[in-house]
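**Q** Attaching a single structure in structure tokens format; questions to follow.
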Amino acid sequence: VITRALGSSLVELGHTKVIAEVQIAAAATSSNNNNKSGSNCNEATTTNTTQQSAGKLNQEITLRESDLSRRLTASLLPVIILEKYPKCTIIVTTTVLQDDGSCLSAAITAASMALVDARVELRDVVTSCTVAVVENPNTNSNNKEEEEEEEDRWLYLADPTEREVTTTSTNVALICLAMTPNHKEVTLWSQSGRLSSDMASHAMELCRDGCRTMHKFMRESWI
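Just so you know, the sequence shown maps onto residues 1 to 223 in full-length UniProt numbering.
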């Protein structure tokens, strides 16, 4: 995708588009290396947004970039064999070209595919899926006594769009799961909003199914 990069990828989830690239730099360009192995992994994100004041826009972008970078690092570091790259910095840069929901999942998937394209040695790839739990607008929220009615109150949306999250219900919980499909290890669990243990468990199973499906698409793209 990016010819100057060691590895790159483009991931589209609906109208959400994320591009990722990987570079490996010598230690001379990374004086703030804190890893015991002498290697480091950095993820930077950039989002493009419009129709806001410049000051507010810059602040929101900075905060979001920092948050996405932190979560990307947490999701990818467990699978990178850092000891294979002594005194080097593995730099993963993700750019959000368009955000229509499930941005973090798209960024994690794009970064993982870019690492594979760069032939970075990994213990496993990382796949990701986002599930939104929203209140069903077609149910009567006043009748909560019956267990069946309580279950019918909620909708589980895999890789939801921005519109589905913002307009379906005011009561929304988002879960983003990143996992290794072969070793079945969770590398990231990110949740916003409150869920009961049963609802969280059901959402996690949907996330796992979504991760397995995404892994199939990733493998097809490499063939």
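Each residue gets a CB set at the ideal place from its N, CA and C atoms; glycine is no exception.
1) Please tell me whether C129 and S112 are closer than 8 Å, where the distance is taken between their beta carbons.
2) So which of H202, A118 and D124 has the shortest CA-CA distance to T3?
3) Could you tell me the alpha carbon to alpha carbon distance between T187 and R64, rounded to whole angstroms?
4) Is the CB-CB distance between I175 and V131 below 8 Å?
5) Can you give me the start and stop residues for the beta strand (DSSP E) that I90 sits inside?
6) When you compare only the Cα positions, how much space is there between R219 and G193?
7) Below 8 Å on the Cβ atoms is my guess for L76 versus V116; work out the distance and round it to an integer in Å.
8) Does the region 88 to 103 touch the region 13 to 22, meaning 3 or more C-beta pairs lie closer than 8 Å?
9) Mark S201 as exposed unless 16 or more other C-beta atoms lie within 10 angstroms of its C-beta, in which case mark it buried.
10) Thinking just about the alpha-carbon of each residue, which of I91, G101 and P160 is nearest to the one in S69?
11) Rounded to a whole number of angstroms, what is the C-alpha to C-alpha distance between G7 and N136?
12) Pull up the distance between the alpha-carbon of S102 and that of L157, whole angstroms please.
13) Helix or strand or just coil, what does DSSP make of A107?
14) Leaving aside the five residues before and after A178 along the sequence, list all residues of the same chain whose C-beta is less than 6 Å from its C-beta, in chain order.
15) Pick from Q191, M214, H215 and D67: whose alpha carbon is nearest that of L204?
16) When DSSP builds the beta bridges, which residues end up paired with C176?
17) In angstroms with no decimal places, state the Cα-to-Cα distance between D99 and R208.
18) Using a 10 Å radius around the Cβ and a threshold of 16 neighbouring Cβ atoms, would you call H215 buried or exposed?
**A** This is what the structure holds:
1) no
2) A118
3) For T187 and R64, the distance between alpha carbons rounds to 20 Å.
4) yes
5) C88 to Q98
6) 33 Å
7) Not confirmed; about 12 Å, so no contact.
8) yes
9) exposed
10) I91
11) 42 Å
12) So the alpha carbons of these two residues sit roughly 11 Å apart.
13) Reduced to three states, the DSSP call for A107 is helix.
14) S75, I108, V126, S128, T187 and L188
15) In the sequence on display, residue 204 carries Met and not Leu. For M204, the nearest C-alpha among the options comes from Q191.
16) T130 and S190
17) 23 Å
18) buried
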